[in-house]
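Take a look at the structure set out below.
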Amino acid sequence: MKTKNIFKVMLFAVMFIAFPLSVKAETTNISPTSGTGISSNPYVLKISDYGTYSVASSGGTAKYFSISYAKEGNASYSLDSGYAYKGTGSSQFESSNAVTANESVILRAAGTNSSFTLTIDYKAPTKYSTKEDAYDLSAVTTEQPVTIPAGVNRTNDMWYKLTITQASTIVFKADENDYFTFQTADGKNALTERNFYDSSDIKLDAGSSGRFKFTTLDKNVFVPTNTSDSPVADGTAKVTFYDPGTYYIIFDNINKKNTEKGFKSFLLRPYKPITDVILKSGDYADPKNISVVEANANKSLVNNIVGLLPEDCDGHIVSLDYDKTYFKRESTSLGSALTGLEFTGKFGKTAVKFVDERGQAVASYNVTNTPGTVKSISGTGSSNSASVHFYSTDSYSNADSVRIYLNSGNGYQLYKTYSSAKDSVDKLFTINGLKAGKNYNIKLTNYDAATDSESAMSPEFTIGTAPATKPVIKSVKKIKVTKNKGTLIHNSGKINEYRTYYTYYAASGKITVKKVKGATYYEYNLIGTSCPNYTSKTTANLRLIKGGEKRSSVKKTLKLRCRVQKKINSYFMAYGDWGKVKKVKIK
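So the sequence shown is numbered by our numbering: it starts at 16 and just counts up by one.
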């Protein structure tokens, strides 16, 4: 026997145990006690007990009946050829109609032939219409949905009773626009936003704070074809009761209509909590472990929820739990399956937790905000030190420190952590204790001491020191003072333009120095003057006097000194110590 057939037999057995098969009722022929069948004098039928009755009629296509019943119940009407209408109107009777004891019902039988038979099915009122006789759902609980009785009458509601010993979920169908309430054993409202989440299936009735309306109905039969099929389908509602106890579900017959009220199918199972959240990768290689760089208050994090595990779980995510020192607010709602958070700019590692309707964290993901990486440097060195100025990914990092790793030949080791506030002037950091005339490789990181967060390593940079040898000026020859004229133009391009003429003096001479190994350039300086330094290989033109000065202002003896420069690369230059002063006489 196939699995599918086994399930059908099992389901039939469950339903047979809960609801024994009914025996078809015998039909009783009755005749009117009086009347002629016209609207002003209808046939009078008096029915004293529950059962099925037939009335034969002939001699016309429309006959009127006044029918009364001895007891409250439900009646249905049918003609073998034609239709049964309510009174003199054009509305047909429904499939089941509530009747009150000793109250007459006017029926117009419109036959399609000259003779017809009216059949009346008179049943006892549906049970389970009060709290005391509520239908006990516990008797038919199963992991597969079953059909349970519905109430059909004009005045009463349909009551169900459910007793659970653990958190449980019911999955059910009802008629579209059915109204119902969920109560605790003491009569309080048991259905809140915490109990259900799929608002497309059930909604709170605007006219009653405790009454709900079933709004969506899947017309397909809610029974799996085999045991491997999921019992949850579209058009069903799920309600979870978290606390053990007894609950009542009441289908409200608020409009007093003669329609079925109650569950169309019903399934009870233990509550299945969320065990994990599936997130869309998006911009992140691992959406459960997100690393961002220099995320400040102008940046936001958006992580998409694309699924929950297990797929048939009963829980739902209602909020996020996060450290508000890292994130200042949620920028998008969970209802749109997004978890948007705005950064505060704090570095470090934190966790964002997903909280379900029970208030429990069921899943989380990690977010690490690291400082920006150092991308370039510039700097200068001496014969025993190097000063480094660096630039980060975002120009300057918001981190409070910088770390320099020095490779002295044995791999990179942390040289020092510099506090930006204490150890630098405009992000300039000095490495001391270096050997003269040697190059070194370094790497840098931005480091936030407050959160112990460190950026990725920078690219490798090369720095160096100048030779320790001081250059010696051997001679300065061919000193010559020249007289020159210059012109200053004021307010160029304007009407009041005028020119100023002046005289200035300059001196030049050939300088010879003793070469130093490792030097790239030689830098010359006139001590005590405002003349700029000159850089050259072996010679330099020395400016002695600023423009406008008189010849008499030129000193008779000038003091000249020299130091070496060592170019390490395009971003780093090392300068040696100044050598011995050379006196130069001016004639």
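Glycine included, C-beta positions come from ideal geometry on N, C-alpha and C.
For Ser379, the CB contacts under 7 Å within the same chain, skipping 5 residues up- and downstream, are Ala366, Val367, Lys368, Phe369 in chain order. A distance below 9 Å separates the beta carbons of Glu475 and Ile457. Each residue's CA atom was taken as its position, placing Tyr337 and Lys253 some 29 Å apart.
Val596 sits in coil when the DSSP states are folded into three classes, being neither helix nor strand. Ile217: member of the beta strand (DSSP E) spanning 217 to 219, first to last residue. Rounded to the nearest angstrom, the Cβ distance from Tyr65 to Lys176 is 26 Å, too far for a contact under 8 Å.
Within the model, the alpha-carbon separation for Thr535 versus Lys485 is close to 13 Å. If you compare the alpha carbons of Asn117, Thr76, Ser110 with that of Val59, the shortest gap goes to Asn117.
Under the 10 Å beta carbon count, Leu324 is surrounded by fewer than 16 other beta carbons and is classified as exposed. About 16 Å separates the beta carbon of Tyr433 from that of Tyr427, a gap too long to meet the 8 Å contact definition. Rounded to whole angstroms, the gap between the alpha carbons of Asn112 and Thr255 is 34 Å. The Cβ atoms of Leu282 and Phe342 lie no closer than 9 Å to each other. Per DSSP, Pro285 is one residue of the beta strand (DSSP E) stretching across 278 to 285. Excluding residues up to 5 positions away in sequence, Leu541, Ile542, Gly543, Val596, Lys597, Lys598, Val599 lie with their Cβ nearer than 8 Å to the Cβ of Lys574 in the same chain.
Ile601 and Thr572 have their C-alpha atoms some 6 Å from each other.
Bounds of any beta strand (DSSP E) do not take in Gly202, whose DSSP letter is neither H nor E. Annotated three-state conformation of Val491 is strand, per DSSP. Straight-line measurement puts the Cα of Leu133 at about 11 Å from the Cα of Ser46.
Residue nearest to Gly202 within the set Glu147, Ser280, Leu152 is Glu147 (criterion: CA-CA distance).
Taking a C-beta distance under 9 Å as the contact criterion, Ser93 and Ser119 do not qualify as a contact pair. Ile526 is the residue among Ser81, Ile526, Gly533 whose C-alpha sits nearest the C-alpha of Tyr539. If you look at Asn89, you'll find it in the beta strand (DSSP E) that goes 88 to 94.
For Leu421, the three-state secondary structure derived from DSSP is strand. The closest CA to that of Asn270, considering only Tyr194, Ile289, Leu459, is found on Tyr194.
Taking Tyr257 as the centre and dropping the five residues before and after it, the same chain places the C-beta of Ala182 closer than 6 Å to its C-beta, in chain order.
Taking C-beta atoms as the reference points, Ser54 and Ile135 fail to come closer than 9 Å. The secondary-structure analysis by DSSP pairs Phe266 across a beta bridge with Met173, Phe195. The beta carbons of Thr480 and Lys581 sit closer together than 9 Å. Secondary structure note for Ile601: it is in no beta strand (DSSP E), with a DSSP letter that is neither H nor E. By the neighbour-count criterion, in which a residue is buried when 16 or more other Cβ atoms sit within 10 angstroms of its Cβ, Arg123 is buried.
Contact between Ile305 and Val382 holds: CB atoms are separated by about 5 Å, below the 8 Å threshold. The criterion of a C-beta distance shorter than 9 Å is not satisfied by Glu469 and Pro547. Under DSSP, Phe342 shares a beta bridge with Phe358. Inter-residue distance for Gly524 and Thr497 is about 12 Å (C-alpha atoms, whole angstroms).
Taking C-beta atoms under 8 Å as the contact rule, Ser393 and Asn461 fail to qualify, at a distance of about 17 Å. Beta-bridge analysis with DSSP links Glu469 to Tyr462.
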